[in-house]
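Here the protein sequences come in this chain order: A and B.
For our numbering, count along the first sequence from 1 and bump the result up by 57.
For our numbering, count along the second sequence from 1 and bump the result up by 57.
Cβ coordinates follow ideal geometry from the N, Cα and C atoms, glycine included.
Protein chains: 2
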Amino acid sequence: MVLSGELSPGEQLSEETLAERCGVSRTPVRDALRRLEAELLVRKNESQRSFVADWSVDDVADAFELRAMMEGHAARRAAERMTPQVLDDLRQINTRLCAAIQKRPDPDIAGFLEYNKQFHELILKAADSRRLTTLLSALIEQPVVWRTAQHYGAEAFNRSHNEHDDLLSAFARKDGPWAEAIMAGHIRRAFHVYADAHRGLASVESAA
Amino acid sequence: MVLSGELSPGEQLSEETLAERCGVSRTPVRDALRRLEAELLVRKNESQRSFVADWSVDDVADAFELRAMMEGHAARRAAERMTPQVLDDLRQINTRLCAAIQKRPDPDIAGFLEYNKQFHELILKAADSRRLTTLLSALIEQPVVWRTAQHYGAEAFNRSHNEHDDLLSAFARKDGPWAEAIMAGHIRRAFHVYADAHRGLASVESAA
DNA sequence: CTCGGACAAATTGTATACAATAAGAAGCGA
DNA sequence: TCGCTTCTTATTGTATACAATTTGTCCGAG
């Protein structure tokens, strides 16, 4: 509801109101608010009342910057720990991703998103750091990824696929620094696609 | 209770048992478990049962590595955004820290910890990234910092103070990369003090 | 003796009621 | 009219009861 714009930035979120609206009691609503607060989609003021956080473009830039750093770090660790099995799995996923974006008449965006998600998650798993996994999960908003992909053209899809291929090369050579550099660039490129599409808009929500 | 070793690693944490033990109902216990899970002090298995996580030395190394990366990033951002006012505040804090570690006959460890915390928190604030602040708070376990400081000798305290001074130089010149490098080294040094003190021990808890 | 299946126990998820607290509104005096 | 106090109301914190799910155990068939 926050990400779809159904709730406006700054709007107060009363537990009882939300509970009624969702047809559940306050208890699961409280849990959900806690999670959303951890993901910074919801803020609490000094007296514990909840409000919809407003993500300015700067906030999104901030999130992407951190994600670039952390996924880059994950890629480096993954490269250092790469096994033939994992490498093969990654190649298979990227092959499927390639097939999805080359579908005609229209590329299969849902397929792209799914395989892209699998690709990044497998790298994260290969990085073998519970903490990194936990921290990143709070940082990657799939709806933001989704909106970014909506603005991809054929060339952007191909670039994404090629960057994944580059990553596979770095992984095959266990070249950690290279993998880190490619991944950081990969994420930053995604941000610029997002930023170009939202240029001049005050917040994410008003664009949704 | 987890950090003091009152609860053993791997031990199951029943909400009801904890509630009884703490004299409260299950509701606040549930909230607490959620928070502890976010900080990775508690794990949940696939069927949502909670257990005390066991932090091996590798896990602590993992946490310190991430902390070095993220606090380094924070230091760089802080350097780029540094103002005379903040710089002055940081200098004052470090002066007080210096006084605390030079107390005789024994250095004032509590004072060191307090001013060290203030120093790092002000840098984090100057970095001006809500996300970075949120993520780091889940990563910095003050009890771990406390235990590390217990193993500091006079030279380690001085080194810490001098590294803070170096950071101030980097901040004064708004030299982001330099600040990042110093901070990363500063955190890594702290880890090695910790690791040396715990060498050969299987887990944090058994050493506490 | 082992393997399933069903039953019992333990545990978590959810709903609801009440208590504590904070925000807002009304009244009162200067 | 402004500022203060007080009361009302809105909202969150906590306790408890019950439902749903999972785990462990026991018994019988093969």
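Sub-8 Å separation of residue i and residue j beta-carbons
i, j, result
"R148 of chain A", "A120 of chain B", "no"
"V266 of chain B", "H255 of chain B", "This structure leaves residue 266 of chain B out entirely; chain B is present only between 58 and 265."
"V117 of chain A", "L70 of chain A", "no"
"I135 of chain B", "A213 of chain B", "Before going further, note that residue 135 of chain B is Ala rather than Ile in the sequence given. Not in contact: A135 of chain B and A213 of chain B (Cβ atoms no closer than 8 Å)."
"L51 of chain A", "V202 of chain A", "Past the edges of chain A, shown from 58 to 265, lies residue 51 of chain A, and the structure says nothing about it."
"V250 of chain A", "T205 of chain A", "yes"
"F108 of chain A", "E63 of chain A", "no"
"R106 of chain B", "R91 of chain A", "no"
"L193 of chain A", "L181 of chain A", "yes"
"A195 of chain B", "E122 of chain B", "no"
"D165 of chain A", "A157 of chain A", "yes"
"K231 of chain B", "E137 of chain B", "yes"
"P162 of chain A", "A110 of chain A", "no"
Min CB distance residue i to chain A below 8 Å
i, result
"H130 of chain B", "yes"
"A95 of chain B", "yes"
"M58 of chain B", "no"
"T191 of chain B", "yes"
"L196 of chain B", "yes"
"H177 of chain B", "no"
"E212 of chain B", "no"
"L70 of chain B", "no"
Residue-chain proximity (residue i, chain B), Cβ-Cβ < 8 Å
i, result
"S186 of chain A", "yes"
"L181 of chain A", "no"
"R204 of chain A", "no"
"R91 of chain A", "yes"
"M126 of chain A", "yes"
"S260 of chain A", "Any reading at S260 of chain A is ruled out, since the residue's pLDDT is 44, under 50, leaving its predicted position unreliable."
"A265 of chain A", "In this prediction, A265 of chain A has a pLDDT of 39, which is less than 50 and means its spatial position is unreliable; what the coordinates show is noted afterwards. Output row for A265 of chain A: interface = no."
Residues bridged to residue i (per DSSP)
i, result
"Q69 of chain B", "B:F108"
"R148 of chain B", "Bridge partners of R148 of chain B: none, in fact."
"K101 of chain A", "A:S107"
"S61 of chain B", "Paired residue(s): none; S61 of chain B is not in a bridge."
Whole-angstrom C-beta distance between residue j and residue i, which should lie under 8 Å
i, j, result
"H221 of chain B", "N151 of chain B", "5 Å"
"G233 of chain A", "R133 of chain A", "4 Å"
"H218 of chain A", "C155 of chain A", "5 Å"
"H130 of chain A", "M126 of chain B", "6 Å"
"E72 of chain A", "R83 of chain A", "5 Å"
"W235 of chain B", "A227 of chain B", "4 Å"
"D223 of chain B", "I239 of chain B", "5 Å"
*For the segment 102-124 of chain B, which residues have a CB atom closer than 7 Å to at least one CB atom of chain A, in sequence order?*
Under the 7 Å Cβ criterion, the segment 102-124 of chain B contributes D119, A120 and L123.
*Return the residues of the segment 215-240 of chain B that lie within a Cβ-Cβ distance of less than 7 Å from chain A, sorted by chain order.*
none
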